[in-house]
Amino acid sequence: MRATRRRQRKADPLASTQAVRSIIEQLRSALPKIIPYKDKELMCLLRAARHAQRYPATATKRGRPGKWKREDLLTVAARLGDILDRETSSHISFASFVDHYLRLLEFPADVTEVLASGEINLFEAEQLARITAERLQATSMQARRTRADLLSTHLQTKASGTQLRLRVNELLKQPEVAIQADESHVEGFEDLEDFDPYDPTHLFWEQIKQLGFAFREIRREDVLDEEIEELLKASEPIMAVLSRIQRRKEQRGTTKSRF
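Structure (structure tokens):
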């Protein structure tokens, strides 16, 4: 069931352009020969590093040759991951930073200001940032006023992020089903809805997602016999927990069917 009321969340120390740029400056200091200074080139580099980390070398060789060396991209991903581990106590991963926080550099200033104040979360900021002059076919001032009016109503009614998305969709005359643009945008869009980097469930689902990508690229002939033994041992406690969850679901279903 979708939430219809705002939930209390912990303050997010990275939810501001200043915090994001601080992380980027640390990365640039560590890798000055690789990290560009222009925001557009920086975003392209980090998204390419995200792709390189996510897919094996064979997959990244498809299509046109990349602008950066794969070794450099993996170096960037590893170094940025180290910085985030140190600065956020391992709560925010490289993937989360690129998929979510990097977008702040493209948001309107009025949206990033209210996000930094803690009045809204990342998902709500994403919805407000969709309201642009181009999409409204209006002036920049009119777009800003529209965002301000929508934000004021949203905060006064204490509505949920889902309700805000519906209002923005209606305003932009877009259907509720997300438009299948490119895969990374849609995936990030869905992840943001209840995004709280300090919620352990977020960390859990991100790990599950990474496992899924890893298993998808592994073939039977890639795995050694001793590695199969290790995987089986590691999976036993996980399967035990999943079985417990499944039993609980079945018991709930049985209880509901009685009424």
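Residue numbering for the sequence shown follows the working numbering, starting at 2 and increasing by one per position. Built from N, CA and C at the ideal position, the CB exists for glycine as well. Note that the structure is predicted; figures quoted are calculated from it, not measured.
Taking the Cα positions, A235 is about 15 Å away from V224. Inter-residue distance for E135 and P37 is about 28 Å (C-alpha atoms, whole angstroms).
Between R104 and A78, the C-beta spacing is not below 9 Å. Separation of the CB atoms of R80 and A31 is rounded to 5 Å, and the pair is thereby assigned contact status at 8 Å. For V112, the uninterrupted alpha helix (DSSP H) run begins and ends at A110 to A117, by DSSP.
By the criterion of a C-beta distance shorter than 8 Å, A130 is surrounded in its chain by R104, E107, F108, P109 and V112, once the five residues flanking it on both sides are discounted.
Q128 is the residue among I84, Q128 and E88 whose C-alpha sits nearest the C-alpha of G162.
S244 counts as exposed, since fewer than 16 other C-beta atoms from the protein chains shown sit within 10 angstroms of its C-beta. The beta-carbon distance between A16 and A117, rounded to whole angstroms, is 6 Å. This is short enough to meet the 8 Å contact definition. If you look at L75, you'll find it in the alpha helix (DSSP H) that goes R71 to T89. Where I219 is concerned, there is no enclosing alpha helix (DSSP H), because DSSP gives it neither an H nor an E.
Residue state for A16 is assigned as coil, using DSSP reduced to three classes. V242 counts as exposed, since fewer than 16 other beta carbons sit within 10 angstroms of its beta carbon. When DSSP states are grouped into helix, strand and coil, L32 belongs to the coil group. Non-local beta-carbon contacts of T140 in its own chain, meaning distances under 7 Å to residues more than five positions away in sequence, involve A134 in chain order. Counting of Cβ neighbours within 10 angstroms places S153 among the exposed residues, the total staying below 16. Listed in chain order, the non-local C-beta contacts of A20 below 7 Å within the same chain comprise P14, local neighbours out to five positions each way being set aside. Ranked by how close their Cα comes to the Cα of L74, the residues V115, A53 and S91 have A53 in first place.
Excluding the 5 residues flanking it on each side, H155 has same chain C-beta neighbours closer than 6 Å at L165, in chain order. Taking all protein chains in view, the Cβ of D40 is surrounded by fewer than 16 other Cβ atoms within 10 Å, so the residue is classified as exposed.
L123 places its beta carbon 9 Å or farther from that of H92.
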